[in-house]
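Numbering (our numbering), first residue to last: 416 to 686.
All residues carry an ideal CB built from backbone N, CA and C; glycine is no exception.
Remember, it's a predicted structure, so these values are computed and weren't measured experimentally.
What follows is the structure, encoded as structure tokens:
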């Protein structure tokens, strides 16, 4: 579009110069005397007219004026052609740069979209892990509460059993052998029950330790996920910052191209 405007402007300047050249011709013709007046009168052979011919002088002036106009027109054409080439070069450079910036913007948009998907995926994983951690913590708290209650109840039963054994020993001191046998069997049964309770308590402690280990591992996983999320957020902010810089640079280039085009157009009109 710029090339067409310059060509039209060049043709308009050419027509103006030709018009000036042609319009100046009648004025010069009016100033010239008639041909008959300019023709020398017959003189005697021995008389020679050495004065310059006015018509030839005017013709020479017209010729020089036409040459000057042609020279100015040629210089104007060369100047406009150089300006046109320079403007075309600038337009090509701006076009290449704009295409490069657009490609970078597309790549940045693609990167941001991929990172957004990754962040959403990590957020879902984090929510699931947090939910699972809360459920496991509730289960662990319940097991710990039950274990404390069981230990308290076992301690109370042990105290009662010791008291009963003490009273039984007092009674058995005056009892017959059959009662002592019954008491021994009861002691064996109680000892067996106590061992079973201790085994159960030990099993519960092992389970509690396993739960604590799982909780610790889960906490580590959650901490790693949170660290990854923070890194992804930081990368996203950096990418968005780069995108804003590219968009600003693209706007500045477009503005610069418009200003260069406007300035060259004004220069051409002034010339």
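Closest option to residue 428, judged by alpha-carbon separation, among 496, 477, 479: 496. A distance below 8 Å between beta-carbons, with the five flanking residues on each side excluded, links residue 551 to the following residues of its chain, in chain order: 626, 629, 630, 633. When only Cα atoms are considered, residue 577 and residue 615 end up about 21 Å apart. Look at residue 556 here: in three-state DSSP terms it is helix. Within 10 angstroms of the beta-carbon of residue 475 lie fewer than 16 other beta-carbons, which makes it exposed. By the Cβ criterion, the region 640-653 is not in contact with the region 602-615, since fewer than three pairs of Cβ atoms, one from each stretch, lie closer than 8 Å. A Cβ-Cβ separation of about 5 Å places residue 658 in contact with residue 523 under the 8 Å criterion.
Residue 498 and residue 520 have their C-alpha atoms spaced approximately 32 Å apart. Our two residues, residue 500 and residue 536, have alpha carbons roughly 54 Å apart in a direct line.
With a contact defined as Cβ atoms closer than 8 Å, residue 661 and residue 516 qualify at about 6 Å. Here residue 472 is exposed. Its C-beta has fewer than 16 other C-beta atoms within 10 Å.
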